[in-house]
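K.L.:
Would you mind keeping the following structure in view while I ask a few things?
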Amino acid sequence: MTHFHYSIDRYGDHIGRISGGSIRDVLGHLPPGGSAILLLGGESATFIIRNNCPYTIWPAALTGAGSQPSTTGFELQSQASHNIDIPPPWSGRIWARTFCTNVCLTGECGKGGGPCAGAGGNLPVTLVEFTLNGDGGKDFYDISNVDGFNLPVNIVPEASCPTTSCGVDINAECPAELAVWNQNGHAIGCKSACTAFNTPQDCCTGEYNSPTICQHSKYSNFFEQKCPQAYSYAYDDKTSTFTCSTGPNYKVTFCP
Numbered sequence: 001m002t003h004f005h006y007s008i009d010r011y012g013d014h015i016g017r018i019s020g021g022s023i024r025d026v027l028g029h030l031p032p033g034g035s036a037i038l039l040l041g042g043e044s045a046t047f048i049i050r051n052n053c054p055y056t057i058w059p060a061a062l063t064g065a066g067s068q069p070s071t072t073g074f075e076l077q078s079q080a081s082h083n084i085d086i087p088p089p090w091s092g093r094i095w096a097r098t099f100c101t102n103v104c105l106t107g108e109c110g111k112g113g114g115p116c117a118g119a120g121g122n123l124p125v126t127l128v129e130f131t132l133n134g135d136g137g138k139d140f141y142d143i144s145n146v147d148g149f150n151l152p153v154n155i156v157p158e159a160s161c162p163t164t165s166c167g168v169d170i171n172a173e174c175p176a177e178l179a180v181w182n183q184n185g186h187a188i189g190c191k192s193a194c195t196a197f198n199t200p201q202d203c204c205t206g207e208y209n210s211p212t213i214c215q216h217s218k219y220s221n222f223f224e225q226k227c228p229q230a231y232s233y234a235y236d237d238k239t240s241t242f243t244c245s246t247g248p249n250y251k252v253t254f255c256p
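Following this line, the structure appears as structure tokens:
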């Protein structure tokens, strides 16, 4: 028997679920690099994207494998929410573009503020990555600063599963050699060491492509101290990957 359930979260958004099915979504780990949520069991996973920043942002989604989501990019005003429906199987990442006119100053995918249509975001950018119903039938999710940082973000599952957050404005304390500046001299992004210097040591490539060899640097330690739950470099799995076994909906909030 199929049942419909809904609840209202702290933002006033209705979170709905049709039970009696299961989510079958898969995400492969990508390298460094007043709304209603409805989940049709076994048919579609829905993410609600929330903008708590005091300005407009332009969220985007990139598919690594599987079908395209219902949208790959859109404008989201402050204090607004928007749903993304994703049919399984799927693998991908979500991020937010900022300061968009004809182009976006961070996270630009070549489309300005419009749909990204299969293009990734220019670095630096804070990434939200998902593996839904992956190994062992579990969901895997993380926040990554491996490609740098542009906005704080958190992930809140609908079910009683762990939340994860990078809620600090890293831009405000970004080392000058990593910072991306706007024309007014304000930091609007913070590159990772890999993005800034592109060395094997910082990118964990070549002879450093091993968790036993590629270790924290002073720059990855900076990101780790600011956002200990987020990936700070490529082999940060032990503290940064979270799992859920119930296949819930997820809320992704920028500037939580």
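For the sequence shown, the positions run 1 to 256 when full-length UniProt numbering is used.
In this text, a Cβ means the ideal position worked out from N, Cα and C, and glycines have one as well.
1. Just mark residue 237 as buried or exposed, buried being the case when its beta carbon has 16 or more other beta carbons within 10 Å.
2. Pairs of beta-carbons, one from the region 121-132 and one from the region 85-95, closer than 8 Å: are there three or more?
3. Does DSSP put residue 129 in a helix, in a strand, or in coil?
4. Could you tell me which residues DSSP puts in a beta bridge with residue 190?
5. Report the rounded CA-to-CA distance for residue 137 versus residue 246, giving the unit in angstroms.
6. Do you know offhand how far residue 244's Cα is from residue 140's?
7. Taking the straight line between their C-alpha atoms, what separation do you get for residue 192 and residue 85?
8. Here's the rule I'm using: 16 or more other beta-carbon atoms within 10 Å means buried, otherwise exposed. How should residue 96 be labelled?
9. My guess is that residue 200 and residue 52 are in contact by the Cβ rule of under 8 Å, so how many angstroms apart are they, rounded?
10. Between residue 232 and residue 242, how many whole angstroms is the CB-CB distance? I'm expecting something under 8 Å.
P.N.:
Reading from the atomic positions:
1. exposed
2. yes
3. strand
4. Answer by DSSP bridge pairing, in chain order: 149, 179.
5. Each residue's alpha carbon lies about 9 Å from the other.
6. Rounded to the nearest whole angstrom, the C-alpha separation of residue 244 and residue 140 is 7 Å.
7. 31 Å
8. With 16 or more other Cβ atoms within 10 Å, it is buried.
9. Their Cβ separation, rounded to whole angstroms, is 38 Å, which puts residue 200 and residue 52 out of contact at 8 Å.
10. About 15 Å separates the two Cβ atoms, so there is no contact after all.
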